[in-house]
Amino acid sequence: MACVIEKINEIIAPENLVYAKSPLTNDDIMHYCPGCSHGVVQRLIAEVIEEMGIQEQSIGVTPVGCSVFAYKYIDIDWQEAAHGRAPAVATAIKRLMPEKMVFSYQGDGDLAAIGTAETLHAVNRGENIVMLFINNAIYGMTGGQMAPTTLVGQVTSTTPFGRNVDINGYPLKITDLIAQLPGAAYVTRQSVHTAAAVRRAKKAIRKAFEIQRLNCGTAFVEIVATCSSGWKLSPVESNKWMEENMFPHYPLGDLKDSKRADSGLYRIKSK
Amino acid sequence: MAKVSGAVVVDIEKCKGCSLCVEACPTLTLMLNRSVNNRGYHFCYMQIPENCNGCANCSAVCPDSCISVYRLRIVH
Ligand SMILES: Cc1ncc(C[n+]2csc(CCOP(=O)(O)OP(=O)(O)O)c2C)c(N)n1
Ligand code: SF4
Ligand code: SF4
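Line by line, the protein sequences give chains A and B. Residue numbering for the first sequence follows our numbering, starting at 1 and increasing by one per position. Residue numbering for the second sequence follows our numbering, starting at 1001 and increasing by one per position.
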């Protein structure tokens, strides 16, 4: 045993460090429930901003929902928006300060219910912002009510017998709608449930920020996420439930990757 | 032949015992501790430290940024 401890102490040296949280991730203990996807995504945003060296330029817009306090966790500038209005606030910030890197961060209740108008019109105008969309198919913050994205048959506190299409309509694939809009330069759907998925999601977030540099339209990243408290499952069970039930309806991968966006020729906005 | 060996350091007070790292670890290194931190969570720890290869899968899935990973390359 003593020999094992000695060995561990030898390994734990600064020159052997392969991963530590980004210095942009504040030391505050996050208020999220254990296992919540919001924490993983916010860690990735901090890493991307650090790696791109854009800490001073970045402005995030937080929603209403569990991620309302995201501004406490990443050491950049933030603006809180009213429920659903993050894309409108991000539009104003980016238009007034085009040199800034502006992103909105929203849950599905915020982005796809009360904020549907702001979401669709911001993308349709091709606002040069990054929009991050955390789809956990439920209203997490308010106690697990049905969201527009809730799956058919999914039990929530307002659909105790499961979502019934005759009464509640169909789960809204808002990311698929967004991909149809000419203002969208890059639209992708990712998840953060395994290490490989986390690495892909980070690449997608990085790409979205790079696209903002090209000034060629909206970059939209959906993360299919878990809400173990709302779903009433453990975090590990939630990941399994998400794979089995969410992924068939919300398949992962790029929905749109405008080639012209890469060349920067798609639409150059005058400053 | 190069043998890679790793270790993780867990920020015990930040850990909420969600168990996602235990599930993500390919070498069955991690486990939740029987004792709890000051906030009452069973924090994760290296139950079998010899197993760790420093792959950083655990830190990738951690929602609370509690895990730092170290990797040593032993050349024989
Ligand atoms: C104008 C207004 N209407 C309703 C609410 C109540 N409310 C707070 S958060 C929320 C939904 C949050 O769900 P989601 O966006 O999916 O985020 P999550 O908490 O799941 O991350 C609602 C309806 C509010 N705060 N303001
Ligand atoms: S209620 Fe759901 S979305 Fe909100 S912090 Fe808890 S797990 Fe995350
Ligand atoms: S670094 Fe890899 S092998 Fe080591 S504890 Fe983490 S997941 Fe397991």
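The beta carbon of each residue, even a glycine, is placed where N, CA and C say it ideally should be. In this text the structure is predicted, and so the values were computed from the model without any measurement.
- The residue from Pro1049(B), His1042(B) and Pro1063(B) with its alpha-carbon nearest to that of Val1008(B) is Pro1049(B).
- With a contact defined as Cβ atoms closer than 8 Å, Thr218(A) and Val89(A) miss out at about 15 Å.
- Under DSSP, Ala88(A) takes part in no beta bridge, so it has no partner.
- Membership of Asn124(A) in the alpha helix (DSSP H) is indicated by the continuous run Thr116 to Asn124.
- For Phe220(A), the three-state secondary structure derived from DSSP is strand.
- Note on geometry: alpha-carbon atoms of Gln180(A) and Asn135(A) lie some 19 Å from one another.
- In summary, the residues of the region 1044-1057 of chain B whose CB is separated from some CB of chain A by less than 7 Å are Pro1049, Glu1050, Gly1054, Ala1056 and Asn1057, in the order they occur in the chain.
- The beta-carbon separation of Ala70(A) and Ala113(A), rounded to 19 Å, does not stay under the 8 Å limit for a contact.
- Collapsing the DSSP output to three states places Ala185(A) in a strand.
- Secondary-structure assignment with DSSP links Tyr1070(B) through a beta bridge to Leu17(A) and Ala1007(B).
- Spanning the alpha carbons of Tyr19(A) and Leu44(A) requires a straight line of approximately 13 Å.
- Of all residues in the region 139-165 of chain A, none has a C-beta nearer than 8 Å to a C-beta of chain B.
- Proximity of the region 1047-1061 of chain B to the region 1025-1037 of chain B meets the contact definition, three or more beta-carbon pairs being nearer than 8 Å.
- According to the DSSP assignment, Thr175(A) belongs to the alpha helix (DSSP H) that extends over Ile174 to Gln180.
- Contact with chain B is found for Met30(A), since one of that chain's Cβ atoms lies less than 8 Å from the residue's Cβ.
- Going by C-alpha positions, Thr142(A) is about 8 Å away from Gly65(A).
- Where Cys3(A) is concerned, the enclosing alpha helix (DSSP H) starts and stops at Ala2 to Ile11.
- A distance of 8 Å or more separates the beta carbons of Cys33(A) and Ser238(A).
- Chain B places no beta carbon closer than 8 Å to that of Thr218(A), leaving this residue out of the contacts.
- Counting only runs of 4+ residues, the alpha helix (DSSP H) found wholly inside the region 146-170 of chain A occupies 165-168, in chain order.
- Around the beta-carbon of Ala196(A), fewer than 16 other beta-carbon atoms lie within 10 Å, marking it exposed.
- A distance criterion of 7 Å places the beta-carbon of Asn136(A) in contact range of ligand 2, judged by its closest non-hydrogen atom.
- Within a 10 Å sphere around the beta-carbon of Ala1056(B) sit 16 or more other beta-carbons, which makes this residue buried.
- Ala208(A) is positioned such that its CB atom lies no closer than 8 Å to that of Ser258(A).
- A Cβ-Cβ contact shorter than 8 Å links Gln212(A) with Ile129(A).
- Contacts with chain A at 8 Å (Cβ-Cβ) do not include Val1010(B).
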